[in-house]
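For reference, the structure is listed below as structure tokens.
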Ligand SMILES: Nc1ncnc2c1ncn2[C@@H]1O[C@H](COP(=O)(O)OP(=O)(O)OP(=O)(O)O)[C@@H](O)[C@H]1O
Ligand SMILES: [Mg+2]
């Protein structure tokens with residue numbers, strides 16, 4: 005195994021009684037990488053993450069973290085990573101500061117060291133003036149920031165983030181993004197799951213898209229956009245037969261949603277110009293292709309549950 009691989013999963017399988025949550029996936033996360041794990045609800049993201057931090061054993065396959073086999077070395081691995089779980093796992097009866105300091109005990113940190121580290125993190129996440137507040141008094145955004153701060157108490161080499169910004173307002177999300185980008189600058193390796201495609205596109209170096217426990221695509225955000233959607237997108241309301249025949253005859257990548265057609269083209273290309281002139285008398289939207297286009301094209305537009 006290469007030393008630069010922080011996580012290496014080979015034929016990873018996770019089954020619950022009747023559910024095959026992860027069906028033999030292979031992936032690696034390199035040192036310093038911001039890695040995104042995307043997929044619809046129930047795709048298997050949290051199942052993969054729980055294996056990595058030693059919460060849930062593999063059904064089959066191999067997982068190495070920091071070059072250590074998870075089956076035998078999960079204790080050593082846990083010591084070196086930080087986790088921000090999907091659910092709020094803070095102690096509601098303790099204060100902000102106590103949540104950080106008590107957590108440090110799991111890592112045998114000296115009291116003064118824990119205090120100093122807590123101080124730094126309260127400052128980093130703009131929580132200093134809330135240090136004496138009970139967790140149950142915190143808004144969702146503050147609680148999330150505290151959960152992130154707690155995950156960093158032990159100065160981990162790898163940070164695992166399971167939907168860290170779900171339910172946050174735009175201000176809080178941007179604040180969390182800024183902090184995560186700052187950590188990236190300092191060389192932290194991060195594994196993120198999110199349902200916000202703009203978040204994944206802005207933060208991640210590389211993305212893996214899962215569905216039904218399998219990997220369906222992998223690459224840098226830009227690569228995924230050019231491979232599965234396009235640089236440029238035209239959305240046209242109420243398409244007529246002439247337009248439909250045109251896109252078919254030119255073999256242009258498109259999605260026909262009956263009352264709307266989405267066309268994927270090269271930016272400023274000949275086809276884009278032709279469509280603009282012939283079919284855009286009214287209600288045409290020209291925009292850049294994005295990761296949401298990729299996600300919907302790969303996993304469909306129907307509701308899952
Ligand atoms: N402890 C469990 N017992 C039984 N089934 C489980 C358990 N945990 C997960 N599953 C099932 O495994 C599948 C994958 O779930 P998982 O939580 O990994 O998905 P996810 O991609 O994290 O979804 P979400 O985006 O909703 O968080 C689902 O069908 C889920 O119902
Ligand atoms: Mg999940």
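Residue numbers (my numbering): 5 to 309.
Even glycine gets a Cβ: it sits at the ideal position worked out from N, Cα and C.
Quick caveat: nothing in here was measured; it's all calculated off a predicted structure.
Residue i, buried or exposed, once every other Cβ within 10 Å from all chains shown has been counted against 16
i: residue 3; result: Any question about residue 3 goes unanswered here, given that the chain covers just 5 to 309.
i: residue 215; result: buried
i: residue 293; result: buried
i: residue 203; result: buried
i: residue 282; result: exposed
i: residue 5; result: Any answer about residue 5 is weak, because its pLDDT of 46 lies below 50 and its placement is not dependable; what the coordinates show is given next. Residue 5 is exposed by the Cβ-count criterion.
i: residue 41; result: buried
i: residue 48; result: buried
i: residue 297; result: buried
i: residue 269; result: buried
i: residue 258; result: buried
i: residue 180; result: buried
i: residue 252; result: exposed
DSSP-derived helix/strand/coil call for residue i
i: residue 5; result: Only weak support exists for where residue 5 lies, its pLDDT of 46 falling under 50; the value from the coordinates is given anyway. Residue 5 falls in the coil class under three-state DSSP.
i: residue 34; result: strand
i: residue 124; result: helix
i: residue 216; result: coil
i: residue 289; result: strand
i: residue 145; result: helix
i: residue 77; result: helix
i: residue 109; result: helix
i: residue 221; result: strand
i: residue 135; result: coil
i: residue 10; result: strand
Unbroken beta strand (DSSP E) run spanning residue i, endpoints
i: residue 268; result: 264-269
i: residue 66; result: 64-69
i: residue 303; result: First-last for residue 303: 295-303, but that is the alpha helix (DSSP H), not the beta strand (DSSP E).
i: residue 258; result: 258-260
Bounding residues of the alpha helix (DSSP H) (the contiguous stretch that carries residue i)
i: residue 86; result: Counting along the chain, residue 86 falls outside any alpha helix (DSSP H), though it belongs to the beta strand (DSSP E) covering 85-88.
i: residue 238; result: Segment 236-241 is the beta strand (DSSP E) holding residue 238; no alpha helix (DSSP H) there.
i: residue 228; result: 225-232
Residue i at chain C interface by Cβ criterion, 8 Å
i: residue 109; result: Among the chains in the structure shown there is no chain C, since it carries only a single protein chain.
Q | contact_flag[the stretch 85-94, the stretch 146-154] where n(CB pairs < 8 Å) is 3 or more | A | yes
Q: Output the residues surrounding ligand 2, defined as those with a CB atom closer than 7 Å to any ligand heavy atom, in chain order.
A: 49, 50, 90, 166, 167 and 197
Q) Is it true that the stretch 229-247 meets the stretch 263-273, where meeting means three or more beta-carbon pairs spaced less than 8 Å apart? A) yes
Q. At a cut of 8 Å, does the stretch 58-71 reach the stretch 7-26 through at least three beta carbon pairs?
A. yes
Q | Touch test, the stretch 155-170 against the stretch 188-202, Cβ-Cβ under 8 Å, three pairs minimum | A | yes
**Q.** Touching by the beta-carbon criterion (3+ pairs, under 8 Å), the stretch 51-58 and the stretch 93-104
**A.** no
Q: Check whether the stretch 155-164 touches the stretch 115-134, taking contact to mean three or more Cβ pairs, one atom from each stretch, closer than 8 Å.
A: yes
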